[in-house]
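Presented below is the structure to which this report refers.
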Amino acid sequence: MAIIKTYRQHSPHVHESVFLAENAVVVGEVYIGEGASIWYGAVLRGDVGIIRIGARTNIQDNATVHMTGGVSDTLVEEDVTVGHNAVVHGATVRKGALIGMGSVILDNAEIGEGAIIAAGAVVPPRMKVPPRVLVRGTSAKVVRELTEKEALEGAAGAAIYQELALGHRA
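Quick look at the structure:
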């Protein structure tokens, strides 16, 4: 069973339809929307700020979601994919974005709707990523706009993980 823990009178609010893997950790002021999935080893720690996870978003294996107290909160809107081992730290991730495996999104960065952050990218504090672009690099840079095919593939990730979550519930 997942670890769901109150911290200083702040308890997580998890919609009843959410898939929480057995070893996922959700602590403090965390709000998780309908149909979202939090996968094996993922940690959402709302101990020094607020985390909001939108409907149908998936936070994959070993990803970490946190923030810097007094500096930033974390908002991950609906239909977002946060890949394995990624870190979203005090940032805003807009609808339908894809955060690649092992990437790091730092405080007060904003990832635009439908954007793709490549695996291993590091998005620095306060960077504003436009909608529907590909970003990569350890000092992240916009590489180009997404093709229509890439945009559709990125959006499909959230739907795939909704289906996977149904199988893992059994």
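Take the sequence shown: its position 85, counted from the start at 1, is 84 in numbering that gives the first Met the number 0, and no numbers get skipped.
No residue lacks a Cβ here, since even glycine has one placed at the ideal position from N, Cα and C.
For residue i, count the other beta carbons within 10 Å of its own beta carbon; 16 or more makes it buried, fewer makes it exposed. Which is it?
i: Val173; result: Only positions 0 to 169 of the chain appear in the structure, and residue 173 is not among them; the question remains open.
i: Ile31; result: buried
i: Lys94; result: buried
i: Met66; result: buried
i: Ala20; result: buried
i: Ser138; result: exposed
i: Thr91; result: buried
i: Arg143; result: exposed
i: Leu165; result: exposed
So what's residue i in DSSP terms, helix, strand or just coil?
i: Leu105; result: coil
i: Tyr6; result: strand
i: Glu112; result: coil
i: His83; result: coil
i: His65; result: strand
Please name the residue in the options whose C-alpha comes closest to that of residue i.
i: Leu145; options: Arg168, Pro130, Gly45; result: Pro130
i: Lys127; options: Val141, Ala117, Ala118, Thr137; result: Val141
i: Pro86; options: Leu165, Gly119, Ala1; result: The sequence as given places Val at residue 86; Pro does not occur at that position. Taking only the C-alpha atoms, the option nearest Val86 is Gly119.
i: Ile115; options: Arg125, Ala150, His88; result: Ala150
i: Ile58; options: Val24, Asp46, Ile49, Asn107; result: Val24
i: Val89; options: Val75, Thr80, Asn107, Val103; result: A quick correction: the sequence has Gly, not Val, at residue 89. Among Val75, Thr80, Asn107, Val103, the Cα nearest to that of Gly89 belongs to Asn107.
i: Gly82; options: Glu76, Ala117, Ile52; result: Ala117
What residue range does the alpha helix (DSSP H) around residue i cover?
i: Lys148; result: 147 to 168
First and last residue of the beta strand (DSSP E) that includes residue i?
i: Lys140; result: 140 to 144
i: Tyr30; result: 24 to 31
Less than 8 Å between CB atoms is the rule here; does residue i satisfy it with respect to chain D?
i: Val79; result: Chain labels in this structure do not include chain D; a single protein chain is all it has.
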